[in-house]
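No gaps in the numbering here: position 240 of the sequence shown is 240 in the UniProt record's numbering, and each next residue is one more. Data block below; observations after.
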Amino acid sequence: MAIPERFSNLPDYAFPRLRKLLAGIEPGGDPLILTIGEPRHALPDFVGPVMAESIADFGKYPSNEGTAELLAAISGWLQRRHGLDVAPERIMALNGTREGLFNAALALAPERKNGQQPAILIPNPFYQVYAVAAAAVGAEPVFVPAVPETGHLPRFSGLPAEVLDRATVAYLCSPANPQGSIASEDYLEELIALADRHDFLIFADECYSEIWRDTPPPGALAVATRMGLPDRVVMFNSLSKRSNLPGLRSGFAAGGAAQIAQLRQLRNYAGAPLPLPVQRVSTMAWTDEAHVDASRALYQQKYAIADRVLGNVPGYQPVQGGFFLWLPVPESVGDSEDAAKKLWAEAGIQVLPGAYLARDTAGGNPGRNFIRVALVAAADQTEAALNRLKNCLYQGG
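Structure (structure tokens):
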């Protein structure tokens with residue numbers, strides 16, 4: 001039986017592509033892997049004890065939407081962080097944000113809009129689950145450049161009215177993966193008004209929201225609520241980056257009551273709820289801020305290192321949030337694949353070609369001349385790696 005074209009036509013995922021690119025090339029130094037956005041800061045101290053105390057709960061079926069305690073903890077965090085009063089029925093626990101970002105399209109994106117094929121608006125570059133979600137619901141993916149000229153954020157308002165009228169969902173990641181740019185309140189207000197005018201939803205991917213340089217990034221749901229339009233936004237967040245718990249696979253979605261009810265209905269039939277011990281740890285994590293503050297301080301230290309080492313590189317942009325550097329590739333080196341091969345062969349540094357995080361469009365691939373570098377290693381390792389990278393890619397300049 002043939003594989004559906006909507007999935008068979010998807011390009012290879014970024015990391016298998018990178019393995020093929022570097023196959024047969026020996027690293028030119030002690031390998032330093034700066035590709036994967038996997039936090040390496042210490043786990044919160046409470047994880048082990050809470051998990052151990054809850055171990056017997058692996059013998060029970062968990063609730064689909066999240067325990068009352070977990071939903072209350074998330075609701076409390078939303079109040080403290082964003083000043084939002086979100087009732088538990090407007091929240092659903094997730095197996096990480098990837099599950100939610102995909103399933104939300106299944107649950108909330110209509111099959112037709114205005115009698116036409118719907119469109120799903122996607123920043124370019126982007127987190128790749130957005131595109132497979134569009135494919136799964138039969139929507140046209142519309143890739144919107146997020147480039148230096150637009151502040152590395154998608155300018156959805158520049159799309160033709162015909163496209164906006166077919167739009168059912170716009171994905172937005174802030175702080176952005178991979179560029180580290182932050183959507184301001186003004187930007188969010190304009191986008192939410194656009195969504196209301198053309199009747200589409202915003203899926204706000206905010207999983208990097210607690211890693212920032214100077215000021216906490218604004219939340220899309222909070223801005224929409226102040227505008228009287230809370231049903232226009234479904235926000236997603238997780239403990240992977242905030243609490244250095246990517247393996248816990250724990251996050252949440254929050255939004256309008258009708259949207260979350262639809263997500264819960266899909267989960268009832270086709271989802272996998274979080275095991276109860278995971279929910280117990282998650283409850284504690286959303287309640288505690290001390291470990292988040294400590295981890296953020298370590299990232300801010302690495303921001304300063306990056307600024308010091310790379311600040312005089314032409315085109316360098318200090319990261320505002322998240323933990324990725326989005327570095328320009330010198331014309332003399334070639335494109336992002338050339339840079340990745342050069343860094344691995346000459347310096348033993350593994351980075352991700354920016355082209356693998358974007359799609360080719362009529363305007364080209366907006367990631368073609370960038371590489372993504374993850375600031376997840378310890379400060380001393382980060383400084384050593386960035387110095388090696390600078391000397392190799394930018395010839396010490």
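Backbone N, C-alpha and C define an ideal beta-carbon position, used for all residues, glycine too.
At which residues does the beta strand (DSSP E) containing A254 begin and terminate?
That run of the beta strand (DSSP E) goes 251-254.
Please report the residue range of the alpha helix (DSSP H) in which M235 lies.
From DSSP, M235 is part of no alpha helix (DSSP H) but of the beta strand (DSSP E) over 233-238.
Taking DSSP's pairing of strands, which residues face M92 in a bridge?
For M92, which the question treats as bridged, DSSP gives the partners A253.
Quick check on DSSP: helix, strand or coil for L84?
It is coil, neither helix nor strand.
Less than 7 Å separating the Cβ of A304 from some heavy atom of the ligand NAD?
The ligand NAD is absent from the structure shown, which contains no ligands of any kind.
First and last residue of the uninterrupted alpha helix (DSSP H) at A374:
Segment 370-374 is the beta strand (DSSP E) holding A374; no alpha helix (DSSP H) there.
Residues in the same chain with beta-carbon distance under 7 Å from L343, minus the five sequence neighbours each way, listed in chain order, please.
Once the five neighbours on either side are set aside, the close Cβ partners of L343 are I349, V351, L389, C392, L393.
Look at A254 and L221 and say whether their C-beta atoms are less than 8 Å apart.
Between A254 and L221, the C-beta gap is smaller than 8 Å, which places the two residues in contact.
Can you list, in chain order, the residues of its chain with a C-beta nearer than 8 Å to that of F58? Leave out the 5 residues immediately preceding and following it.
Correct list, in chain order: P275, L276, P277.
Let me make sure I understand the geometry here. Which of R90, L34, A42 has the alpha-carbon closest to that of Q265?
Measuring C-alpha to C-alpha distances from Q265 to each of R90, L34, A42 identifies R90 as the nearest.
Taking the straight line between their C-alpha atoms, what separation do you get for A52 and R280?
Spanning the two alpha carbons is a distance of roughly 10 Å.
May I ask you to verify whether the stretch 164-172 touches the stretch 117-134, counting CB pairs closer than 8 Å and requiring at least 3?
Between the stretch 164-172 and the stretch 117-134, the count of Cβ pairs shorter than 8 Å is three or higher; the stretches touch.
What is the rounded straight-line gap between the Cα of F370 and the Cα of A146?
Answer to the nearest angstrom: the Cα atoms are 13 Å apart.
Tell me which residues share the same chain as G367 and place their Cβ nearer than 6 Å to its Cβ, disregarding the 5 neighbours each side in the sequence.
Counting only Cβ-Cβ distances below 6 Å, and skipping sequence neighbours, we find P125, G354, A355, L357, A358.
Starting from the Cα of L18, find the closest Cα among C207, K341, F203 and give me that residue.
Of C207, K341, F203, the smallest CA-CA separation from L18 is found for K341.
Identify, in the order they occur along the chain, each residue of the same chain with its Cβ nearer than 6 Å to the Cβ of M92, setting aside the five sequence neighbours on each side.
So the qualifying residues of the chain are E65, A253, I260, L263, R264.
With DSSP as the reference, identify every bridge partner of A170, one or two as the case may be.
The secondary-structure analysis by DSSP pairs A170 across a beta bridge with L121, I202.
With a threshold of 16 other CB atoms inside 10 Å of the CB of K60, please say whether the residue is buried or exposed.
With fewer than 16 Cβ atoms within 10 Å of its Cβ, K60 is classed as exposed.
Can you give the Cα-Cα distance for A14 and T287, rounded to whole angstroms?
A14 and T287: Cα-Cα distance of roughly 34 Å.
Expressed to the nearest angstrom, what Euclidean distance is found between the alpha-carbon atoms of T205 and D293?
Correcting the residue type first, residue 205 is Asp in the shown sequence and not Thr. Taking the straight line from one Cα to the other gives about 21 Å.
Suppose only complete runs of 3+ residues qualify. What are the beta strand (DSSP E) ranges in the stretch 307-375, listed by chain order?
Listed in chain order, the complete beta strand (DSSP E) runs (minimum 3 residues) inside the stretch 307-375 are 324-328, 370-374.
Residue range of the alpha helix (DSSP H) that P277 falls in?
Start and end: 276-287.
Per DSSP, the bridge partner or partners of F143
In DSSP, F143 forms a bridge with I122.
May I ask you to list the residues that DSSP assigns as paired with W212?
DSSP, once it has assigned bridges, lists G321 as partnering W212.
Look up I33 in the DSSP assignment and say whether it is helix, strand or coil.
If DSSP states are grouped into helix, strand and coil, I33 belongs with the strands.
Could you please give the first and the last residue of the uninterrupted alpha helix (DSSP H) stretch that includes P16?
Unbroken alpha helix (DSSP H) run through P16: 14-22.
If distances are taken between C-alpha atoms only, which option among A345, P318, L164 comes closest to A306?
In terms of CA proximity to A306, P318 leads the group A345, P318, L164.
Using beta-carbon positions only, say whether T283 and A73 come within less than 8 Å of one another.
Taking 8 Å as the Cβ cut-off, T283 and A73 qualify as a contacting pair.
Interface flag, V313 vs chain B, CB-CB below 8 Å
Reference to chain B is not applicable here, since this structure consists of a single protein chain.
Neighbour-count burial assignment, L10, 16 or more Cβ in a 10 Å radius:
Exposure of L10 is indicated by the presence of fewer than 16 other C-beta atoms within 10 angstroms of its C-beta.
Using 8 Å for Cβ pairs, my map puts S54 next to P273. What's the rounded Cβ distance?
The beta-carbon distance between S54 and P273, rounded to whole angstroms, is 15 Å. This is too long to meet the 8 Å contact definition.
Report the rounded CA-to-CA distance for G138 versus R6, giving the unit in angstroms.
In this structure, the CA atom of G138 is about 8 Å from the CA atom of R6.
Looking at the secondary structure, which residues open and close the alpha helix (DSSP H) in which Y394 lies?
Taken as a continuous stretch (DSSP letters only), Y394 belongs to no alpha helix (DSSP H), as it is neither H nor E.
Suppose contacts are defined by Cβ-Cβ distances below 8 Å. Is L298 in contact with V373 by that definition?
No, the Cβ-Cβ distance between L298 and V373 is not below 8 Å.
Nearest to P230 by CA position, among I211, P246, F203, is which residue?
Residue F203 holds the alpha-carbon nearest to the alpha-carbon of P230 among I211, P246, F203.
Which residues bound the alpha helix (DSSP H) around R49?
Here residue 49 is Pro; the residue named in the question, Arg, does not match the sequence. 47-53 is the span of the alpha helix (DSSP H), which, as asked, contains P49.
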